[in-house]
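Trainee: Numbering (this note's numbering), first residue to last: 318 to 421.
Note that CB positions come from ideal geometry on N, CA and C, so glycine has one too.
Please read through the structure below; I'll follow up with questions.
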Amino acid sequence: MSNNLTNQFVPNYSIPPGETLLDTIEALGTSQAEMPEHAGRQIETINEIIKGKATITPDTSLQLERVLDVSAVFWNNLEKNHRETLARLAERDNAPETCRECNI
Numbered sequence: 318m319s320n321n322l323t324n325q326f327v328p329n330y331s332i333p334p335g336e337t338l339l340d341t342i343e344a345l346g347t348s349q350a351e352m353p354e355h356a357g358r359q360i361e362t363i364n365e366i367i368k369g370k371a372t373i374t375p376d377t378s379l380q381l382e383r384v385l386d387v388s389a390v391f392w393n394n395l396e397k398n399h400r401e402t403l404a405r406l407a408e409r410d411n412a413p414e415t416c417r418e419c420n421i
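As structure tokens, this is what we get:
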């Protein structure tokens with residue numbers, strides 16, 4: 318039986334959900350400055366999410382869904398996957414050298 322992980326792409330980086338949020342805001346022709354009034358969040362919170370310094374909480378994902386018409390499930394999964402990738406990278410960085418060579 319073959320190991321399916323052998324041929325999988327395993328990135329050594331994670332893209333914060335804030336980058337997708339910014340792309341979505343720009344694609345809709347709105348601005349970061351307009352988001353807080355529509356989403357019911359302070360500008361600092363939106364900016365921190367975009368910079369990758371704050372997480373997208375379930376409450377925030379519901380507000381983003383309402384304002385951007387992109388499902389809360391999408392935002393929650395994006396955040397979850399980002400955090401999981403960060404944890405995986407941290408674990409890999411702390412693994413013995415022989416494990417890192419195996420790409421696990």
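For A371 versus L379, is the C-beta spacing smaller than 9 Å?
Mentor: Contact: no.
Trainee: Taking I366 as the reference, which of A404, P413 and I342 has the closest Cα?
Mentor: The shortest C-alpha separation from I366 is found at I342.
Trainee: When the Cα of V387 is compared with those of P413, A404, I360 and D340, which residue comes out closest?
Mentor: Checked all of P413, A404, I360 and D340; the closest Cα to V387 is D340.
Trainee: In its own chain, which residues sit with a C-beta less than 7 Å from the C-beta of Q359, not counting the 5 before and 5 after it?
Mentor: So the qualifying residues of the chain are P353.
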